[in-house]
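Protein chains in written order, with my numbering: chain A, 4 to 348; chain B, 4 to 348.
Shown next, in the form of structure tokens:
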């Protein structure tokens, strides 16, 4: 740790901020047809990706995202010190089987849809602490694997509630690199740095509706955001963009209310990955969700528009609904968690 | 990081080694009747712990382990900077709901039965790197929750293979503390320190038998052990004890063979948590397994006998079978992973 400061109880301020050397994203056809279609590095022509099952398709998506990120960084798996990944599937099989293929020392994570932010925060911590020169991090989800596991097979054609979110078929990954090693990469364009991370708490205000994940997550995201502002002494207007993922439309409205109650007005600088990824005409109801939602949106649109100069200071809060069918069946409510990272260029 | 050295590709040598300030363990009745019964901090009188479901019983076990560890350290949850935990259940519900109750900033992990070692290694890294003064880490499992999720409800009474392991009903936790803060605790007895950590790779030699997890995990543990010896330049005889968990009897025999092929003879200094926790008369077949196996054995017997002076240098390798019913149904083999930490007193 090169002088990293702990701010308040939950925030780290990196004094030699780790650099996002490159990213990689791959999504399914519906996401490719959405408003961000041109930003994704690769779009699958069908949701099976030539595999025999939805689960194997999701593994292929995640592996593609990692491979693209490595290619864009000009690196091989052997150049990476640690890999951090997770996904929504039981036993995080997408991450585990991809880690098997990559053969990089691996720490498996479970943060539900917050996994992109969790792995990005932890990756920055490990690089800043000198424990790794380069970390490969990422997350994935797939509409059909998530529907089958959490609700019912999509083939049943159950009617979806208007508060429901559409699990993104997609994956995102990045290479987080120690700043002193960026020169080795030969990349000379400005690169985003991870300057802060705020690790969230599990927060549960009692939402039990598995068709309304946005409302289950919003209180945790509000808690992390307010803590971040308090820890750093910043206000929302410090940032060009506050991007959450994935509260979607219903959860975003609740977040606005909750943060305003805590005297922080996010204003029009707040966007949500779940609201950005689909067009209303795509009938995704409240919007997108899944680990792959923020992973693919942050890994493509956000980072590319930072490189283009559109955004300079971005606060990304990944949100996870820690929903479990068996816990719900036993009467439990759905806790949420949010982890934040600050990206600056 | 106070001068931590990276040894080889996968090992960290802490120069200001984090201290295990206190631990807490709680197990079920069968584990309490086993050879290590007197070492556990608490033994439940029945497997339901007064709860309405096996899952809620497992959450209660994990929460007890955390509470005991905090009590033994003389600390409150608000004294802890970060909590790291995981378990075997889908969406790691034991860890998530316990984190909700503890209200500590939380990073969820999934490493199957390697989670105790994964969280201990990561906890030491975070403390050594200056990112946390005190980390609370732990893991749990429960025979009935694991049987239902991975195989079939125990009530079915399916005949078990002789290679099968018995999932431990138990949990273990510890408080990992920055060395300069130990004096604040008022604890003056010698305390174990975490001097090294070796982060493992996912290894898969093709085992597909879900009733033989020991054989699925042994290659990954052998890989981590051999890498640890190569990275540190040490031989097995540097250690008083090499404790794996949980290969049990079948996997331990395979580990001995695999490490001997790599010219490292573990000799009689190797024991396995899965072989230690039950007496052969308890009919657990190959032995114990589950996140709670190594969590409860290391958190009680190993640490207490280190305090007693019986063991001074212990190499603990937590092993995880990254088994997934859905991946197995789709023809996949079962990958394994092993993470190592060195405990010295």
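All C-beta atoms, glycine included, are put in the ideal place defined by N, C-alpha and C. Treat the numbers as computed from the prediction; the structure is a model and nothing was measured.
For residue i, does the three-state DSSP call read helix, strand or coil?
i: residue 54/A; result: coil
i: residue 90/B; result: strand
i: residue 307/B; result: helix
i: residue 205/B; result: coil
i: residue 211/B; result: coil
i: residue 361/A; result: One cannot answer for residue 361/A here, as it falls past the ends of chain A, which runs 4 to 348.
i: residue 69/A; result: helix
i: residue 197/A; result: strand
Starting from residue i, trace the alpha helix (DSSP H) in both directions and tell me its first and last residue.
i: residue 180/A; result: Element bounds for residue 180/A: not the alpha helix (DSSP H) but the beta strand (DSSP E), 173-180.
i: residue 272/B; result: Note, residue 272/B: premise wrong, no alpha helix (DSSP H); not H, not E.
i: residue 337/A; result: Counting along the chain, residue 337/A falls outside any alpha helix (DSSP H), and DSSP gives it neither H nor E.
i: residue 253/B; result: 251-264
i: residue 161/B; result: Unbroken run through residue 161/B: none, as it is neither H nor E.
i: residue 170/B; result: Here residue 170/B belongs to no alpha helix (DSSP H); instead the beta strand (DSSP E) covers 168-170.
Is the shortest distance between the beta-carbon of residue i and the beta-carbons of chain A less than 8 Å?
i: residue 207/B; result: yes
i: residue 56/B; result: yes
i: residue 303/B; result: no
i: residue 232/B; result: no
i: residue 348/B; result: no
i: residue 156/B; result: no
i: residue 340/B; result: yes
i: residue 168/B; result: no
i: residue 43/B; result: no
i: residue 225/B; result: no
i: residue 16/B; result: no
Can you tell me the Cα-Cα spacing of residue i and residue j, whole angstroms?
i: residue 171/B; j: residue 245/B; result: 20 Å
i: residue 240/A; j: residue 203/A; result: 21 Å
i: residue 15/B; j: residue 125/A; result: 16 Å
i: residue 195/B; j: residue 98/B; result: 25 Å
i: residue 295/B; j: residue 348/B; result: 24 Å
i: residue 162/A; j: residue 288/A; result: 11 Å
i: residue 298/A; j: residue 315/B; result: 45 Å
i: residue 285/B; j: residue 217/B; result: 19 Å
i: residue 173/B; j: residue 38/B; result: 15 Å
i: residue 193/B; j: residue 310/B; result: 7 Å
i: residue 69/B; j: residue 118/A; result: 24 Å
i: residue 222/A; j: residue 156/B; result: 36 Å
i: residue 282/B; j: residue 328/B; result: 29 Å
i: residue 128/A; j: residue 134/B; result: 8 Å
i: residue 224/B; j: residue 261/A; result: 47 Å
i: residue 80/A; j: residue 292/A; result: 29 Å
i: residue 131/B; j: residue 49/A; result: 46 Å
i: residue 2/A; j: residue 120/A; result: No answer is possible for residue 2/A: the residues shown for chain A start at 4 and end at 348.
i: residue 84/A; j: residue 308/A; result: 28 Å
i: residue 189/B; j: residue 237/A; result: 38 Å
i: residue 256/A; j: residue 301/A; result: 21 Å
i: residue 325/B; j: residue 114/A; result: 17 Å
Note the first and the last residue of the continuous beta strand (DSSP E) segment covering residue i.
i: residue 29/A; result: 22-30
i: residue 128/B; result: Looking at the DSSP string, residue 128/B is not in any beta strand (DSSP E); the run it does join, the alpha helix (DSSP H), is 118-131.
i: residue 324/B; result: 316-324
i: residue 247/B; result: 244-248
i: residue 14/B; result: 14-16
i: residue 236/A; result: Neither: residue 236/A is in no beta strand (DSSP E) and is coded neither H nor E.
Counting only beta-carbon separations shorter than 8 Å, does residue i have a partner in chain B?
i: residue 83/A; result: no
i: residue 19/A; result: no
i: residue 87/A; result: no
i: residue 103/A; result: yes
i: residue 335/A; result: yes
i: residue 100/A; result: yes
i: residue 7/A; result: yes
i: residue 23/A; result: no
i: residue 252/A; result: no
Between the region 122-133 of chain A and chain B, which residues of the former have CB atoms less than 9 Å from a CB of the latter, in chain order? 124, 125, 128, 129, 131, 132, 133: these are the residues of the region 122-133 of chain A whose beta carbon lies less than 9 Å from some beta carbon of chain B, given in chain order.
Of all the residues that make up the region 259-283 of chain A, which are near chain B by a beta-carbon distance shorter than 8 Å? Correct list: empty, as no residue qualifies.
May I ask you to list, following chain order, the residues of the region 170-204 of chain A that have a beta carbon less than 8 Å from some beta carbon of chain B? Answer set for the region 170-204 of chain A: 202, 203, 204.
To be precise: take each residue of the region 54-80 of chain A, compare its Cβ to all Cβ atoms of chain B, and keep it if any distance is under 8 Å. Which residues remain? Those residues of the region 54-80 of chain A that come within reach of chain B (Cβ to Cβ, closer than 8 Å) are 55, 56, 58, 59.
Between the region 310-328 of chain A and chain B, which residues of the former have CB atoms less than 9 Å from a CB of the latter, in chain order? Listed by position along the chain: 323, 325, 326, 327, 328.
Given a limit of 8 Å on CB to CB distance, which residues of the region 107-119 of chain A reach chain B? From the region 107-119 of chain A, only 107, 108, 109, 110, 111, 112, 113, 114, 115 have a Cβ closer than 8 Å to chain B.
Selection of the region 142-156 of chain B by Cβ proximity to chain A, strictly under 7 Å: Nothing from the region 142-156 of chain B brings a Cβ to less than 7 Å from some Cβ of chain A.
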